[in-house]
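Mapping the sequence shown onto this note's numbering, position 130 (from 1) lands on 465, and the numbers just tick up by one. Think of the CB as a built atom: it goes at the ideal place given N, C-alpha and C, for glycine as much as any other residue. Here's the structure, in structure tokens; my notes come after.
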Amino acid sequence: MSTLHIVDHPMIQHKLTIMRNKDTSTKDFRELLDEISMLMGYEVTRDFPLEDVEIDTPLEHMTGKQISGKKVAIVPILRAGLGMVDGLHSLVPVAKVGFIGLYRNEETHEPVFYYCKLPKDIDQRWAVVVDPMLATGGSACDAISKVKEQGCTNIRLMCLVAAPEGIARLQKTHPDVDIFTAAVDRQLNDNAYILPGLGDAGDRIYGTK
Ligand code: PRP
Ligand code: URA
């Protein structure tokens with residue numbers, strides 16, 4: 336069974352509250368998402384394996400630690416997932432980035448697939464699928480299926496706000512995928528938007544409302 340990690344550090348909660356506020360500007364929203372993505376990256380990468388490395392400090396020889404060659408792929412779900420890439424990428428600069436395009440059908444709320452471009456060697460990488468919103472869970476489930484189709488076996492999902500319905504669907508469909516979220520909100524409304532949520536993440540990042 337996948338584990339749900341709620342990354343609720345005070346700094347993250349503080350920044351998320353500003354993002355939720357409807358009066359927060361597009362610029363501030365985007366910058367806060369970037370900052371939170373880097374902070375969440377600490378938890379998402381916590382179990383990355385280390386190996387010993389011999390180095391010389393200016394004073395003496397020592398055995399240090401370094402990440403043991405684990406290769407990473409960051410996979411944003413377009414559009415809103417793009418807003419989480421740079422923060423995580425600044426923490427893991429050698430990660431490759433793949434893209435999955437999905438949008439929700441406004442009536443059925445089910446995802447419609449339109450684009451997929453993943454690193455060729457994603458089967459040898461740890462994939463972090465990123466999308467700020469986990470609502471019904473349809474988009475994340477389909478995106479993770481695409482990553483699995485290309486042979487990747489170590490996948491985690493990083494989001495910002497999750498609804499109980501989306502968590503349940505993801506854990507049922509992909510029980511091997513851990514979920515990292517900054518908050519679990521109350522419920523979905525009749526349009527499958529998260530309550531209290533933060534509105535339409537893509538529109539708030541790109542000012543398209
Ligand atoms: C939003 C969000 C997720 C999806 C979540 O994207 O960024 O991808 O909805 O909803 P779900 O869990 O019910 O699938 P949207 O479809 O609005 O596309 P956009 O990012 O291009 O605006
Ligand atoms: N997509 C969003 O951007 N926000 C929601 O609340 C649900 C889906």
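One question on the structure: do residue i and residue j come within less than 8 Å of each other, judged by their Cβ atoms?
{"i": "Asp-363", "j": "Ile-347", "result": "no"}
{"i": "Gln-401", "j": "Glu-386", "result": "yes"}
{"i": "Thr-471", "j": "His-444", "result": "yes"}
{"i": "Leu-368", "j": "Pro-467", "result": "yes"}
Examine the ligand PRP and report whether any of its heavy atoms sits within less than 7 Å of the Cβ of residue i.
{"i": "Asp-535", "result": "yes"}
{"i": "Asp-520", "result": "no"}
{"i": "Arg-439", "result": "yes"}
{"i": "Ala-475", "result": "yes"}
Looking at the structure shown, is residue i part of a helix, part of a strand, or coil, going by DSSP?
{"i": "Cys-494", "result": "coil"}
{"i": "Tyr-450", "result": "strand"}
{"i": "Val-420", "result": "helix"}
{"i": "Phe-383", "result": "coil"}
{"i": "His-340", "result": "strand"}
{"i": "Ala-536", "result": "helix"}
Cβ of residue i versus every heavy atom of the ligand URA: is any distance shorter than 7 Å?
{"i": "Ala-527", "result": "yes"}
{"i": "Gly-418", "result": "no"}
{"i": "Ala-470", "result": "yes"}
{"i": "Gly-532", "result": "yes"}
{"i": "Ala-415", "result": "yes"}
If you compare alpha carbons, which of the options is closest to residue i?
{"i": "Cys-487", "options": "Val-512, Arg-504, Pro-531", "result": "Val-512"}
{"i": "Asn-524", "options": "Glu-500, Thr-543, Arg-504", "result": "Glu-500"}
{"i": "Val-447", "options": "Gly-422, Gly-473, Val-465, Leu-426", "result": "Gly-473"}
{"i": "Ala-430", "options": "Met-468, Pro-411, Gln-485, Cys-494", "result": "Pro-411"}
{"i": "Pro-428", "options": "Gly-542, Arg-521, Met-373, Asp-538", "result": "Met-373"}
{"i": "Phe-515", "options": "Ser-360, Gly-376, Asp-477", "result": "Gly-376"}
{"i": "Met-336", "options": "Leu-530, Arg-504, Gly-537", "result": "Arg-504"}
{"i": "Asn-356", "options": "Glu-484, Gly-534, Ser-425, Val-432", "result": "Gly-534"}
{"i": "Val-342", "options": "Leu-530, Ala-497, Asn-489", "result": "Ala-497"}
{"i": "Glu-370", "options": "Arg-439, Val-420, Ile-435, Ile-479", "result": "Val-420"}
{"i": "Gly-433", "options": "Met-397, Ile-479, Glu-395, His-396", "result": "Ile-479"}
Can you round the beta-carbon distance between residue i and residue j to whole angstroms, since I take them to be within the 8 Å contact cut?
{"i": "Arg-460", "j": "Lys-406", "result": "4 Å"}
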